[in-house]
Amino acid sequence: MKLKTILFDMDGVVIDSEKLHLRAMGLTLEQHGIKYSQSFLNDYVGRSDESFFRYVYENMDNTHSMEELLEEKNAFFEDLLKELKYVEGFTDFIQKVKSIKLQAGLVTSSSLFTVRKVDKLLNLTSFFDIVITEEDTQKHKPNPEPYLLALENLGADHRSTLIIEDSINGILAGKAAGCRVAGLTTSFDAATLQDAGADWVINSFSDLPPFTYYKVL
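Under the numbering used here, the sequence shown has 195 at position 195, and the numbering climbs by one with no breaks.
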């Protein structure tokens, strides 16, 4: 089947924001004197903030509610947004995607709050036919539910859909949804993305095969 649909993760694929999220998470933990390792934060790349702070609340600090921790993280993240930019090559790539009439969807573990903040700065959602955020599903990456919902809402076939991800959790979700997945090395190295199951590993959008020859499954 020829390619008809591309689904994009947001953080680390569309916008260069993973490091900002991790910094905001770290600042939140430090504010409460909670010790953590970088590998602990990295384990949550591609997953929802809710799942991260639920773990923190249940295992590391139950003196503050999960909602309080989320609010603090969002405040730190908002302060860091001035550093936000698109991932290099994304805007040229998405313009080509739209010019050849492919469907494009954004499927993120980030909250609607975060997407709206980013959209205000970068006019993000104008590129996409559908946007799936944390609030749209009960289960989140690495569960395939967010991608399955995007496919359903777009009327897309998983066999003609490519997913572009930068995280282990995102790749696992995309593969579980039955799609081919390209892993972009903005957050993890090539070997890690390959081990997670990526069908292709790319260092930039220009590494993807030309659309005229592109086949999916």
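Ideal placement from N, C-alpha and C gives every residue a C-beta, glycine not left out.
7 angstroms Cβ cutoff met for residue i and residue j
{"i": "residue 163", "j": "residue 7", "result": "yes"}
{"i": "residue 128", "j": "residue 155", "result": "no"}
{"i": "residue 149", "j": "residue 171", "result": "no"}
{"i": "residue 177", "j": "residue 142", "result": "no"}
{"i": "residue 140", "j": "residue 37", "result": "no"}
{"i": "residue 41", "j": "residue 25", "result": "yes"}
Bridge partner(s) assigned by DSSP for residue i
{"i": "residue 183", "result": "165, 201"}
{"i": "residue 130", "result": "105"}
Environment of residue i [buried if 16+ CB atoms lie within 10 Å]
{"i": "residue 72", "result": "buried"}
{"i": "residue 121", "result": "exposed"}
{"i": "residue 33", "result": "exposed"}
{"i": "residue 114", "result": "buried"}
{"i": "residue 238", "result": "Given that the chain is displayed from residue 1 to residue 217, the structure contains no residue 238 and the question cannot be resolved."}
{"i": "residue 198", "result": "buried"}
{"i": "residue 103", "result": "buried"}
Whole-angstrom C-beta distance between residue j and residue i, which should lie under 8 angstroms
{"i": "residue 50", "j": "residue 29", "result": "The Cβ separation is near 16 angstroms, so there is no contact."}
{"i": "residue 12", "j": "residue 167", "result": "7 angstroms"}
{"i": "residue 182", "j": "residue 208", "result": "6 angstroms"}
{"i": "residue 10", "j": "residue 161", "result": "In fact, because the Cβ distance is near 17 angstroms, the residues do not count as touching under 8 angstroms."}
{"i": "residue 14", "j": "residue 90", "result": "6 angstroms"}
**Q.** 3-residue-minimum beta strand (DSSP E) runs that sit fully inside the region 56 to 121, ordered along the chain
**A.** 103 to 107
Q: Taking only runs that begin and end inside the region 4 to 60, name each unbroken beta strand (DSSP E) of 3 or more residues, in chain order.
A: 5 to 8
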